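A.B. asks: Just so you know, we're using full-length UniProt numbering here: the sequence shown kicks off at 1 and counts up by one. No residue lacks a Cβ here, since even glycine has one placed at the ideal position from N, Cα and C. These numbers were taken from a predicted model, which means no experiment stands behind them.
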Amino acid sequence: MNIFVCIKQVPDTETKITPNGDGTYIETSSIKWIMNPYDEFAVEQALLTKQANSGSTVTVVRVGGVKDTEALRTALAMGADDAILVESDDNLDSFMTAKALKGAIEKSGKTPDVIFTGKQAIDDDCLQVPQLLAGMLNLPSVSVVVGCEETGGTFTLKREVEGGALEVYEVKSPAVIACNKGLNTPRYASLPGIMKAKRKPLAQHSLADVGVSDADRRVKYSGFQLPPEKPAGKKFDAMDEANQASIVAEVVGLLRNEAKVI
Numbered sequence: 001m002n003i004f005v006c007i008k009q010v011p012d013t014e015t016k017i018t019p020n021g022d023g024t025y026i027e028t029s030s031i032k033w034i035m036n037p038y039d040e041f042a043v044e045q046a047l048l049t050k051q052a053n054s055g056s057t058v059t060v061v062r063v064g065g066v067k068d069t070e071a072l073r074t075a076l077a078m079g080a081d082d083a084i085l086v087e088s089d090d091n092l093d094s095f096m097t098a099k100a101l102k103g104a105i106e107k108s109g110k111t112p113d114v115i116f117t118g119k120q121a122i123d124d125d126c127l128q129v130p131q132l133l134a135g136m137l138n139l140p141s142v143s144v145v146v147g148c149e150e151t152g153g154t155f156t157l158k159r160e161v162e163g164g165a166l167e168v169y170e171v172k173s174p175a176v177i178a179c180n181k182g183l184n185t186p187r188y189a190s191l192p193g194i195m196k197a198k199r200k201p202l203a204q205h206s207l208a209d210v211g212v213s214d215a216d217r218r219v220k221y222s223g224f225q226l227p228p229e230k231p232a233g234k235k236f237d238a239m240d241e242a243n244q245a246s247i248v249a250e251v252v253g254l255l256r257n258e259a260k261v262i
């Protein structure tokens, strides 16, 4: 099987984010980047599918800046066979990203039997790229997947829906599967895996190479700004029992009229 995994490199959740000078994106020069957490489940499921199908290969694909390839190297260290990087700015919209992924997969020369992705990226939370990619490739797609079994090229997928219920789908390959937390337990990269990752193939393409131009942009970003600072909290001294009733009344009044939470 030709197995592809689409991953995204996102800011570490503990990184302090600041807008760039013109407010069109965030300042990226000092950010620590990690693999999008939902994509870790996609990589693991790809590796499990490879193990169950002798002779399969796993190719990871990423669209983004070339300055740091940490996410791709992590996936290679986990056990992926090769990687593709489409060099671009990090502020592409979902349509451009999906089209770049499609072009990179087609340029690889391998026909995909299955494409795994995370259900969403934790930075923009758009939840659009897997479905857009499936539409562009004319493939069936199932998202928010928490259970995956494959037999003879047919995938039985469990999908979360509101209320805690599960939907069960049977999909024949090729297909796009967007993975959710709980699908599996992503493995840690071993030291030998990390060393091998440095020697595994990593192809690099420009947006033009994969047929994407600025004319494909559907969304333009502007006005990035930090949220307003939270006002200082208020403290009340209720140690004196004689004042407790009036203080409680004051606190309740503030919660109702100022904070508007009751």
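Please give the ranges of any beta strand (DSSP E) in the segment 34–100, keeping only runs that are unbroken, at least 3 residues long and fully inside the region.
C.D. replies: 57–64, 82–87
A.B. asks: What do you reckon, are the CB atoms on residue 207 and residue 96 nearer than 9 Å?
C.D. replies: Yes, these two residues count as a Cβ contact at 9 Å.
A.B. asks: Give me, in chain order, the residues of the same chain whose beta-carbon lies closer than 8 Å to that of residue 224; leave out the 5 immediate sequence neighbours on both sides.
C.D. replies: 19, 20, 23, 24, 25, 26
A.B. asks: In angstroms with no decimal places, state the Cα-to-Cα distance between residue 172 and residue 67.
C.D. replies: 38 Å
A.B. asks: Inspect the CB distances between the segment 222–237 and the segment 123–142 and report whether three or more fall short of 8 Å.
C.D. replies: no
A.B. asks: In whole angstroms, give me the CA-to-CA distance for residue 196 and residue 77.
C.D. replies: Each residue's Cα considered, the two are about 7 Å apart.
A.B. asks: With a Cβ-Cβ cutoff of 9 Å, do residue 42 and residue 152 count as a contact?
C.D. replies: no
A.B. asks: Could you spell out the range, first to last residue, of the alpha helix (DSSP H) harbouring residue 191?
C.D. replies: 191–197
A.B. asks: Write down the C-beta distance between residue 104 and residue 210 rounded to the nearest angstrom, noting that I regard them as a contact closer than 8 Å.
C.D. replies: 5 Å
A.B. asks: Contact defined as beta carbons within less than 8 Å: I believe residue 52 pairs with residue 62. What is the distance between those atoms, to the nearest angstrom?
C.D. replies: With a Cβ gap of about 25 Å, residue 52 and residue 62 do not count as contacting.
A.B. asks: Buried or exposed for residue 256, please, with buried defined as at least 16 other CB atoms from any protein chain shown within 10 angstroms of its CB.
C.D. replies: exposed
A.B. asks: For residue 231, which of 217, 258, 222 has the nearest alpha-carbon?
C.D. replies: 258
A.B. asks: In three-state terms, what does DSSP make of residue 29?
C.D. replies: coil
A.B. asks: Answer yes if the segment 27–41 comes into contact with the segment 239–253, meaning at least three C-beta pairs across the two stretches below 8 Å, and no otherwise.
C.D. replies: no
A.B. asks: Give me the Cβ distance between residue 80 and residue 114, rounded to the nearest whole Å; I'm assuming they're in contact under 8 Å.
C.D. replies: Wrong, their Cβ atoms sit about 14 Å apart, outside the cutoff.
A.B. asks: Please list, in chain order, all residues of the same chain as residue 33 whose beta carbon is under 8 Å from its beta carbon, the five residues on each side excluded.
C.D. replies: Within the same chain, residue 33 has close Cβ partners 9, 10, 11, 12, 68, 70, 71.
A.B. asks: Buried or exposed for residue 145, please, with buried defined as at least 16 other CB atoms from any protein chain shown within 10 angstroms of its CB.
C.D. replies: Counting Cβ neighbours within 10 Å, residue 145 comes out buried, since at least 16 surround it.
A.B. asks: With distances taken from CA atoms, which of 254, 159, 174 is nearest residue 168?
C.D. replies: 159
A.B. asks: My understanding is that residue 110 touches residue 212, with C-beta atoms under 8 Å, so please give their C-beta distance in whole angstroms.
C.D. replies: The Cβ separation is near 20 Å, so there is no contact.
A.B. asks: Can you grab the Cα-Cα spacing for the pair residue 192 / residue 55, in whole Å?
C.D. replies: 21 Å
A.B. asks: Between which two residues does the alpha helix (DSSP H) carrying residue 226 extend?
C.D. replies: First-last for residue 226: undefined, no H or E at that position.
A.B. asks: If distances are taken between C-alpha atoms only, which option among 178, 250, 227 comes closest to residue 17?
C.D. replies: Looking at 178, 250, 227, the one whose alpha-carbon comes closest to that of residue 17 is 227.
A.B. asks: Could you spell out the range, first to last residue, of the alpha helix (DSSP H) harbouring residue 256?
C.D. replies: 241–257
A.B. asks: So, using beta-carbon positions, are residue 132 and residue 142 closer together than 9 Å?
C.D. replies: No, these two residues do not count as a Cβ contact at 9 Å.
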